[in-house]
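There are 2 protein chains.
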Amino acid sequence: MATGRTHRPASRSRGIPEATVARLPLYLRALTALSERSVPTVSSEELAAAAGVNSAKLRKDFSYLGSYGTRGVGYDVEYLVYQISRELGLTQDWPVVIVGIGNLGHALANYGGFASRGFRVAALIDADPSATGKITAGLPVRHTDELETIIRENQVSIGVIATPAGAAQEVCERLVAAGVTSILNFAPTVLSVPDGVDVRKVDLSIELQILAFHEQRKSGEEALAAAAEAADADGPGTRGKPEKSQKATPLAAPAKAAKAAVKAAVARKTGRSGPDGEVPAVMPA
Amino acid sequence: MATGRTHRPASRSRGIPEATVARLPLYLRALTALSERSVPTVSSEELAAAAGVNSAKLRKDFSYLGSYGTRGVGYDVEYLVYQISRELGLTQDWPVVIVGIGNLGHALANYGGFASRGFRVAALIDADPSATGKITAGLPVRHTDELETIIRENQVSIGVIATPAGAAQEVCERLVAAGVTSILNFAPTVLSVPDGVDVRKVDLSIELQILAFHEQRKSGEEALAAAAEAADADGPGTRGKPEKSQKATPLAAPAKAAKAAVKAAVARKTGRSGPDGEVPAVMPA
DNA sequence: TACTGTGAATCCATTCACAGCT
DNA sequence: AGCTGTGAATGGATTCACAGTA
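Respectively, the protein sequence lines represent chains X and R.
For the first sequence, our numbering assigns the number -10 to the initial residue and increments by one for each residue that follows.
For the second sequence, our numbering assigns the number -10 to the initial residue and increments by one for each residue that follows.
This is the structure in structure tokens:
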């Protein structure tokens, strides 16, 4: 029972580095666009620009797949599309199930980008009996009771979890028990899976938080910089509600006291600390 | 005009590595859960398990933030929640706009995980006049014409793009021109933004493709291994439609010929190559 | 001439292992 | 005794820069 890894540890499958694998879909997308415009060949420079990477990286990536280019010319678009598709396993069809047909599951069911890349939505599954039977994206929503049957009858090996966090682990276990070995998890939870099962996660709010981090220090150079620096090892008192404003003191007091002070301030406000709305959060001293 | 970077190059903002920043939201989520259960302290081991990472990594990550733990004891949960929130900039409110209220935009608008972490959806924007005015997630959908006004009036610095791929770049430019400096992009396109603007992307189908890659070589050991190996530098003829089946020949022919052969085969079938359904894809020889 | 393919150099991230503190 | 914090070691990923080739 490994605890929620994102993908297999580090074991570059058949010698292709994970970082490279993660970029192949990007190249594929750019190449498909070129293919539609009937562009016969591209240079590493052009393709890299279209995919949003630099050309050295792209060439190194491709070198792991083989020598698919022509020196002095570039890469044959159709040929590369085929090679990358094959490498990614997209020349075969992958039946997937989507579990949890709420807002997000609904959006996923209707997302065109799956079908066009070899992923076939075999079934939509939801636990709410009142939702079952409804036709969504051309498919009837089926009840969780049928999960195992559906997986087995359709030979599904990839499952998408779009349930609330609380249901995710159980759904995950049932999927795995029924034969699923790859899971795409949209629920904000860490999933535990046995070895041999791959989990990838997409957390919408995490991406925003990372942006907020960077955003903070763009506008932050103004009022925050001094405080942030002075606070280095303890924390800037209370920001946004500048109570004591002892920030100018260039860290002479022992960290211990500062830490305790901040802790107290935190305990006092305990503003937003709940993950999904209102929260008690009574801390025992 | 830098071409679509995912985040700022490598310039670890204020010394915190990007990889660490990307994990802070994970820790925060785990800590918030503990906080709700009124757990006062955690060890690095416990917290790491809850966040799905290993404890050495977690300790190293926290060491970039400062010395927030107590040796022999662990970390104070509330205190850490506060410190990480502050580091991520979540102690302030971030107004965001969502552009493109299709299936996905709708799901994003209703997603509870934003509001609970300091992100306030300031407005929903769509280009379709027939959609405007509709109340979605408690907000009226507004027309793209109002984009600039909305951004400025609400001091929005973070924008979420959930439009079709074709509209994304234009929307992006308008957002940036109006003052947005961080963009979360769900459209399957590379966005070009000026320096100083951060873009993060979420591509639902890319994650599935990465899973497919790994999935392929789980079941792949049976029929595919031989072909894949023999084909090493050229490609395995045509898989799934085994026309010539010359795979057993242990690569004696020059790669040139093999490459041409595969190219021809590809040209012949040109099965699925379109990105979003049907595709002409007429390739000039 | 114009490009790919790739060793070598560099940079970043992870892991190890233990000193240091409570 | 039990845990954090962190230098040092390792391993991956990116970039450089150029030899090789159509």
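Cβ coordinates follow ideal geometry from the N, Cα and C atoms, glycine included.
Since the model is a prediction, treat every value here as computed from it, not as a measurement.
Using 8 Å as the threshold, is the C-beta distance between residue 192 of chain R and residue 170 of chain R below it? Here residue 192 of chain R refers to the residue found at position 203 when the second sequence is read from its first residue. Here residue 170 of chain R refers to the residue found at position 181 when the second sequence is read from its first residue. It is not a contact, given that the beta carbons lie outside the stated cut-off.
Would residue 99 of chain X and residue 99 of chain R qualify as a contact pair, given that the criterion is a beta-carbon distance under 8 Å? For this step, residue 99 of chain X is matched to residue 110 along the first sequence. For this step, residue 99 of chain R is matched to residue 110 along the second sequence. Cβ distance not < 8 Å, so residue 99 of chain X and residue 99 of chain R don't count as in contact.
Please list, in chain order, all residues of the same chain as residue 76 of chain R whose beta carbon is under 7 Å from its beta carbon, the five residues on each side excluded. Indexing the second sequence from 1 puts residue 76 of chain R at position 87. Closer than 7 Å at Cβ, skipping near neighbours: 13, 54.
Using a beta-carbon distance cut-off of less than 8 Å, what residues from the stretch 107 to 135 of chain X approach chain R? Answer in chain order: 107, 108.
Since residue 141 of chain X and residue 167 of chain X are thought to touch, with beta carbons under 8 Å apart, how far apart are those beta carbons, to the nearest angstrom? One-based indexing of the first sequence puts residue 141 of chain X at position 152. One-based indexing of the first sequence puts residue 167 of chain X at position 178. About 6 Å separates the beta carbon of residue 141 of chain X from that of residue 167 of chain X, a gap short enough to meet the 8 Å contact definition.
Can you tell me where the alpha helix (DSSP H) with residue 292 of chain X in it begins and where it stops? The structure shown has nothing for residue 292 of chain X, since chain X only spans -10 to 274.
Spatial distance of residue 15 of chain X from residue 71 of chain X (CA atoms): Taking the first sequence and counting its residues from 1, one reaches residue 15 of chain X at position 26. Taking the first sequence and counting its residues from 1, one reaches residue 71 of chain X at position 82. Answer to the nearest angstrom: the Cα atoms are 14 Å apart.
Residue ranges of each alpha helix (DSSP H) run of no fewer than 4 residues wholly in the stretch 121 to 198 of chain X, ordered along the chain? 136 to 142, 154 to 167
Beta-carbon contacts of residue 19 of chain R that lie in its chain and below 8 Å, excluding the five residues immediately before and after: By 1-based counting over the second sequence, the position of residue 19 of chain R is 30. Around residue 19 of chain R: 36, 39, 40.
Out of R:63, R:80, R:125, R:102, which has the shortest C-alpha to C-alpha gap to residue 90 of chain R? Here residue 90 of chain R refers to the residue found at position 101 when the second sequence is read from its first residue. Checking every option, the nearest Cα to that of residue 90 of chain R belongs to R:125.
Alpha carbon to alpha carbon, how far is residue 83 of chain X from residue 204 of chain R? Give it in angstroms, no decimals. For this step, residue 204 of chain R is matched to residue 215 along the second sequence. For this step, residue 83 of chain X is matched to residue 94 along the first sequence. Answer to the nearest angstrom: the Cα atoms are 10 Å apart.
Taking the straight line between their C-alpha atoms, what separation do you get for residue 144 of chain X and residue 196 of chain X? In the first sequence, counting from the first residue as 1, residue 144 of chain X sits at position 155. In the first sequence, counting from the first residue as 1, residue 196 of chain X sits at position 207. In a straight line, the C-alpha of residue 144 of chain X is about 33 Å away from that of residue 196 of chain X.
Should residue 102 of chain R go down as buried or exposed, given a rule of 16 or more other Cβ atoms within 10 Å for buried? As a working note, residue 102 of chain R is residue 113 in the second sequence. When all chains shown are included, residue 102 of chain R counts as buried.
Counting only the same chain and skipping the five closest in sequence on each side, list residues whose C-beta sits under 7 Å from that of residue 30 of chain X. Here residue 30 of chain X corresponds to residue number 41 of the first sequence, with the count starting at 1. Here the set comprises 62, 63, 64, 65, 66.
Take residue 206 of chain R and list the residues in its own chain whose beta-carbon comes closer than 7 Å to its own, dropping the five residues that flank it on each side. Within the second sequence, residue 206 of chain R is the residue found at index 217, counting from 1. Around residue 206 of chain R, the same chain offers no residue with a beta carbon nearer than 7 Å, after the five sequence neighbours per side are excluded.
Local conformation of residue 272 of chain X per DSSP, three classes: Residue numbering aside, residue 272 of chain X sits at position 283 when the first sequence is read from its first letter. Per-residue confidence for residue 272 of chain X stands at a pLDDT of 28, beneath the threshold of 50, marking its modelled position as unreliable; the derived number appears in the next sentence. Looking at residue 272 of chain X - three-state DSSP - the assignment turns out to be coil, as it is neither helix nor strand.
Hey, is residue 205 of chain R's beta-carbon within less than 8 Å of any beta-carbon in chain X? Counting from 1 along the second sequence, the entry for residue 205 of chain R is found at position 216. Interface residue, yes.
Give the DSSP bridge partners of residue 65 of chain X, in chain order. On the first sequence, position 76 is the one that residue 65 of chain X refers to. Residue 65 of chain X is bridged to X:30.
Could you compute how far the alpha carbon of residue 138 of chain X sits from the alpha carbon of residue 185 of chain X? For the purposes of this step, residue 138 of chain X is taken as residue 149 along the first sequence, with counting starting at 1. For the purposes of this step, residue 185 of chain X is taken as residue 196 along the first sequence, with counting starting at 1. So the alpha carbons of these two residues sit roughly 22 Å apart.
Please classify residue 109 of chain R: does DSSP put it in a helix, a strand, or coil? Within the second sequence, the letter at position 120 stands for residue 109 of chain R. Residue 109 of chain R falls in the strand class under three-state DSSP.
Whose C-beta lies closer than 7 Å to the C-beta of residue 97 of chain X among residues of the same chain, with five residues either side of it excluded? Walking along the first sequence from the start, residue 97 of chain X turns up at place 108. For residue 97 of chain X, where only same-chain residues beyond five positions count, the Cβ hits under 7 Å are 87, 149, 151.
Give the range of the alpha helix (DSSP H) segment to which residue 14 of chain X is assigned. On the first sequence, residue 14 of chain X is found 25 positions in, with the first residue counted as 1. Residues 7 to 25.
Could you compute how far the alpha carbon of residue 58 of chain R sits from the alpha carbon of residue 129 of chain R? Taking the first residue of the second sequence as 1, we reach residue 58 of chain R at position 69. Taking the first residue of the second sequence as 1, we reach residue 129 of chain R at position 140. So the alpha carbons of these two residues sit roughly 46 Å apart.
Would you check if the distance between the CB atom of residue 156 of chain R and the CB atom of residue 116 of chain R is smaller than 8 Å? For the purposes of this step, residue 156 of chain R is identified with residue 167 of the second sequence, where counting begins at 1. For the purposes of this step, residue 116 of chain R is identified with residue 127 of the second sequence, where counting begins at 1. Result yes, Cβ atoms of residue 156 of chain R and residue 116 of chain R sit closer than 8 Å.
Give the residues from the stretch 160 to 175 of chain R that approach chain X closer than 7 Å (Cβ to any Cβ), ordered along the chain. 170, 171, 173
Indicate whether residue 5 of chain R and residue 200 of chain X have their beta-carbon atoms separated by less than 8 Å. Position 16 of the second sequence, counting from 1, holds the residue named residue 5 of chain R. Position 211 of the first sequence, counting from 1, holds the residue named residue 200 of chain X. Not in contact: residue 5 of chain R and residue 200 of chain X (Cβ atoms no closer than 8 Å).
Leaving out five residues on either side along the sequence, give the residues of the same chain with a beta carbon under 6 Å from the beta carbon of residue 17 of chain R. To locate residue 17 of chain R, count along the second sequence from 1; it is residue 28. 73.
Could you tell me the distance, in whole angstroms, from the CA atom of residue 81 of chain X to the CA atom of residue 68 of chain X? Mapped onto the first sequence, residue 81 of chain X falls at position 92. Mapped onto the first sequence, residue 68 of chain X falls at position 79. The straight-line gap separating the alpha-carbon atoms of residue 81 of chain X and residue 68 of chain X is approximately 17 Å.
Do you know offhand how far residue 107 of chain X's Cα is from residue 26 of chain R's? For the purposes of this step, residue 107 of chain X is taken as the residue at position 118 of the first sequence. For the purposes of this step, residue 26 of chain R is taken as the residue at position 37 of the second sequence. Between residue 107 of chain X and residue 26 of chain R, the C-alpha separation is close to 43 Å.
Please compile the residues from chain R whose C-beta is within a distance smaller than 7 Å of the C-beta of residue 79 of chain X. Here residue 79 of chain X refers to the residue found at position 90 of the first sequence. Going along chain R in sequence order, the residues near residue 79 of chain X (Cβ under 7 Å) are 198, 201.
State the beta-bridge partners of residue 87 of chain R as determined by DSSP. On the second sequence, residue 87 of chain R is found 98 positions in, with the first residue counted as 1. Note: residue 87 of chain R sits in a beta bridge opposite R:113, R:149.
DSSP on residue 58 of chain X, reduced to helix/strand/coil? Looking up residue 58 of chain X in the first sequence gives position 69. Note: residue 58 of chain X maps to strand in three-state DSSP.
Just the Cα atoms here: how many angstroms apart are residue 78 of chain X and residue 24 of chain X? As a first step, residue 78 of chain X is located in the first sequence; it is residue number 89 there, counting from the start. As a first step, residue 24 of chain X is located in the first sequence; it is residue number 35 there, counting from the start. Residue 78 of chain X and residue 24 of chain X: Cα-Cα distance of roughly 19 Å.
Give me the Cα-Cα distance between residue 60 of chain R and residue 154 of chain X, rounded to the nearest whole angstrom. The residue given as residue 60 of chain R occupies position 71 in the second sequence. The residue given as residue 154 of chain X occupies position 165 in the first sequence. Looking at the two C-alpha atoms, the distance is approximately 33 Å.
Residue 100 of chain R (DSSP reduced to helix, strand or coil): Taking the second sequence and counting its residues from 1, one reaches residue 100 of chain R at position 111. Residue 100 of chain R falls in the coil class under three-state DSSP.
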